[in-house]
Structures are given as C-alpha cells and as structure tokens.
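Asks: Got a structure for you, questions after.
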C-alpha cells in the first residue's frame with residue numbers, strides 16, 4: 043500500500059490486483075476519445091517487422107501536460123493536477 047502526499051490531506055492508493063508490470067519500448071499512438079486520450083504502447087519484435095500492442099491507457103486530456111512534466115522531471119509522485127482531479131472527471 044502506498045500513501046501519496048500530493049495534497050494537504052493524505053490520499054491512500056492501493057493496487058487490488060496483483061497483475062504483472064508490462065514492458066513497452068514505444069508509444070505509437072495517442073487517440074482522441076472525447077475528453078480523454080488513449081495512449082497505445084507497443085513492444086517491437088526484432089525478428090519480424092512488427093510491433094505488438096501491449097497496453098492501452100486512457101487518461102483525461104487535461105492530465106496530458108502533467109504526465110509529460112512528470113516524465114520529463116522523472117518525478118515519481120503526481121503534481122497538483124492529479125490531486126485536484128474530480129472523481130467523475132471522465133464520466134462526461
């Protein structure tokens with residue numbers, strides 16, 4: 043169980059499924075889904091001219107800039123955009 047300190051109050055985060063991590067060597071597509079974006083990740087097969095989709099992640103579009111900043115800064119914790127995202131942000 044991880045406790046994130048991204049806002050003045052503590053937000054508890056837990057992973058109820060013991061699923062394995064998935065490796066990806068490329069982000070090949072970002073698709074628009076209304077107010078969200080689908081990020082499509084692949085693994086390249088060096089023995090064939092193909093790439094296999096290994097993950098599709100859907101996030102609210104307004105978090106894309108925050109994700110880019112986290113990746114660029116190599117930050118393990120989210121910033122204020124994650125802390126202030128309403129629970130029904132993708133319900134629209």
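In our numbering, the protein residues as written are 43 to 134.
Note that CB positions come from ideal geometry on N, CA and C, so glycine has one too.
Quick caveat: nothing in here was measured; it's all calculated off a predicted structure.
1) Less than 6 Å between C-beta atoms, sequence neighbours within five positions excluded: which residues of the same chain meet that for residue 67?
2) Express the C-alpha separation of residue 90 and residue 199 in angstroms, rounding to a whole number.
3) Under the three-state reduction of DSSP, which class applies to residue 62: helix, strand or coil?
4) Hey, how far is the Cα of residue 64 from the Cα of residue 97?
5) Return the bridge partner residues of residue 113 from the DSSP annotation.
6) Helix or strand or just coil, what does DSSP make of residue 107?
Replies: Result, derived from the coordinates:
1) As a first step, residue 67 must be located in the chain shown, where it is residue number 25. Same-chain partners within the cutoff: 85, 86.
2) Nothing about residue 199 can be reported from this structure: the residues present for the chain run from 43 to 134 only.
3) Here residue 62 refers to the residue found at position 20 of the chain shown. In this structure, residue 62 counts as coil in the three-state DSSP scheme.
4) Counting from one through the chain shown, the residue named residue 64 turns up at place 22. Counting from one through the chain shown, the residue named residue 97 turns up at place 55. About 8 Å.
5) Counted from its first residue, the chain shown places residue 113 at position 71. Beta-bridge annotation (DSSP): residue 113 is not paired with any residue.
6) Position 65 of the chain shown holds residue 107. Helix, per DSSP.
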